[in-house]
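This report refers to the structure that appears directly beneath it.
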C-alpha cells in the first residue's frame with residue numbers, strides 16, 4: 002500500500018489502515034489462543050483503532066465500526082471499540098500532535114434559504130456517488146472476466162490511466178488532500194472543481210477496479226469536496242447575497258459523498274465535524290448527508306462493500322438481512338407440533354419420522370409436561386411401554402417464549418442437544434403455544450435443510 006500510494010495512485014490510505022487494523026486484531030486474538038467468536042469480536046475493535054488514527058476522528062471511528070462493520074449500534078463489543086479508538090487517538094496525538102485533518106474557515110449560515118441548496122447538494126452528492134459506485138463495479142467485473150494469466154497486468158492498466166489523467170490534471174494524483182484544503186478555502190474556480198470531480202471518479206474507479214492497493218475513503222472526500230465546491234460556486238454566482246462561501250458547500254459535500262458511497266450517514270456527519278471541529282456546520286451536513294444517502298440507496302440498491310464482496314463470491318448478510326434476522330421471533334415460525342401424554346408410543350414414533358425431527362414436546366391439559374425423543378420412544382416400544390408419558394423425560398426441559406428471537410431458540414437447542422423446542426406463554430407459565438424446530442429456523446434465515454442421503 003505504501004508503494005502504491007506513494008507512486009500517486011488515486012486511492013487513499015484510510016481503507017488499507019482499517020484492513021491492517023482488523024488483521025492485527027485477528028492475529029493477536031489467535032496468538033493469545035482466543036476462541037473464534039472472540040477473535041471475530043476483535044475485528045471491529047481493530048478497525049476502530051485504525052480509523053481513529055487514520056482520520057484523527059475517534060468518535061466517527063466508533064460509529065463506523067458499529068454502523069458499517071457490525072451493522073448493530075448496540076453491539077456487545079461497544080466498550081472495547083470505544084477503548085481501542087480512544088487509545089489509538091491518544092497514541093496519535095503523542096506522536097503527531099493535535100491537528101485536525103483540514104483547516105477550514107468558520108462556517109456561518111447567511112440565509113435560511115441555503116438549506117434548500119444544501120438539499121440540492123445532497124441530490125448532486127447522491128448522484129455522483131451512484132455514478133462512482135456503478136462505474137467501479139462495472140470496471141471491476143470487466144477485469145475479473147479477463148484471463149487469470151493477465152492479472153499481473155491489471156494494476157498497470159490502472160496506473161497508466163491515472164498517469165495519463167495526471168498528465169492533463171495533476172490534481173487527480175494521490176489522495177488530493179492539498180487540493181481539498183484549497184477548495185475548502187474557496188480558492189478554486191467552478192469549472193476546475195467540476196472537472197476534477199469527474200476525473201477523480203474515473204481515476205479512483207479505475208485504480209481500485211484494476212487491483213491497485215488503496216482505499217476509497219479519502220477519494221470519496223475529494224470527490225465530495227469538488228462536487229460541493231461546484232454547487233457552492235454556482236449558488237454563490239446566482240444568489241451572492243444569501244449564500245455562504247463555496248468552501249462551506251465543499252465541506253458539506255465531503256460528507257454527502259461519503260454518506261452516498263460508503264452508506265454510513267451518521268458516521269459521515271460526525272467524521273466531518275471531527276475533521277474540522279466546526280459544530281455550526283452540523284445541520285447542513287445532516288440535510289445533505291441524509292438526502293445523498295436516500296438518493297444513493299434508491300438508485301444503487303446494494304451498498305458498495307456488499308457488492309464488492311458478492312463479486313468475490315462472499316455472501317454475508319447485509320444490514321437489511323441482519324435487521325430481519327434480529328426481528329424474527331419464535332412466535333413467527335412456531336407451529337402446532339406436539340404429542341399428548343396419553344398418546345400411544347407408536348404414534349410418537351410415526352410423528353417424529355414424518356416431520357424429520359428427533360424431539361417433540363409432550364403436552365397434558367394444554368401445558369408442556371416434558372419432551373420425548375425418538376430414542377426414548379424406541380426404547381419404550383422395545384420395553385413394552387404403551388404411552389408417551391411413560392417414555393418422556395420428566396425433568397424441566399428447555400423452552401422459549403414467543404417474543405424471544407430465533408437466536409435464543411438456537412442457543413437453547415444447542416444446550417439441550419435437541420432440534421425442537423416448545424413455545425410457551427409468558428402470562429400463563431408453561432401453557433403450550435406451539436413448537437419451533439431447527440428446520441423452521443433455518444428456513445426463516447433463508448436456508449433450506451437438505452436430507453442426508455441414506456437417512
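In the numbering used here, the protein residues as written are 2 to 456.
All residues carry an ideal CB built from backbone N, CA and C; glycine is no exception.
Can you name the residues that DSSP bridges to residue i?
i           : result
residue 401 : 424
residue 388 : 345
residue 360 : 374
residue 365 : 368
residue 336 : 436
residue 330 : 406
Have a look at residue i and residue j and give me their C-alpha separation to the nearest angstrom.
i           : j           : result
residue 140 : residue 224 : 18 Å
residue 434 : residue 360 : 17 Å
residue 230 : residue 250 : 6 Å
residue 66  : residue 80  : 12 Å
residue 1   : residue 424 : Outside the displayed span of the chain (2 to 456) sits residue 1, for which this structure offers no information.
residue 456 : residue 222 : With a pLDDT of 42 at residue 456, under the threshold of 50, the predicted position of this residue should be treated as unreliable, though the coordinate-derived value follows. Each residue's alpha carbon lies about 57 Å from the other.
residue 164 : residue 156 : 12 Å
residue 212 : residue 133 : 16 Å
residue 334 : residue 418 : 20 Å
residue 150 : residue 189 : 44 Å
residue 177 : residue 220 : 8 Å
residue 131 : residue 104 : 28 Å
residue 97  : residue 91  : 10 Å
residue 298 : residue 416 : 41 Å
residue 236 : residue 246 : 9 Å
Taking DSSP as the reference, what is the three-state secondary structure of residue i?
i           : result
residue 220 : helix
residue 146 : helix
residue 58  : coil
residue 313 : coil
residue 500 : Limits of the chain in this structure are 2 at one end and 456 at the other, which puts residue 500 out of reach.
residue 438 : strand
residue 431 : coil
residue 279 : coil
residue 8   : coil
residue 272 : helix
residue 294 : helix
residue 48  : helix
In its own chain, which residues sit with a C-beta less than 7 Å from the C-beta of residue i, not counting the 5 before and 5 after it?
i           : result
residue 413 : 399, 401, 422
residue 86  : 49, 50, 53, 59, 62, 63
residue 152 : none
residue 266 : 260, 290, 291, 294
residue 453 : Note that residue 453 scores 44 on pLDDT, short of 50, meaning its location in the model is unreliable and no value can be drawn from it.
residue 40  : 27, 30, 31
Could you name the residues of the same chain whose beta carbon sits closer than 8 Å to that of residue i, not counting the 5 residues immediately before and after it, in chain order?
i           : result
residue 378 : 346, 349, 350, 353, 389, 392
residue 363 : 339, 340, 341, 342, 369, 370, 371, 372, 373, 389, 390, 393
residue 198 : 129, 224, 227, 228, 231
residue 3   : none
residue 143 : 210
residue 14  : 2, 6, 55, 176, 215, 216, 219
residue 344 : 388, 389
residue 170 : 196, 197, 200
Go through its chain and collect everything with a Cβ distance to residue i's Cβ below 6 Å, but skip five positions before and after it.
i           : result
residue 123 : 257, 289, 292, 293
residue 304 : 264
residue 387 : none
residue 175 : 9
residue 365 : 342
Closer than 7 Å: is that where the CB of residue i sits relative to any heavy atom of the ligand FMN?
i           : result
residue 189 : Looking for the ligand FMN in the displayed structure turns up nothing, as the structure carries no ligands at all.
Complete alpha helix (DSSP H) runs within the stretch 177 to 263 (minimum length 4 residues, chain order): As for any alpha helix (DSSP H) of minimum length 4 sitting wholly inside the stretch 177 to 263, the runs are 178 to 185, 191 to 210, 218 to 239, 247 to 263, ordered along the chain.
Alpha helix (DSSP H) segments (min. 4 residues) lying fully within the stretch 64 to 140: 79 to 97
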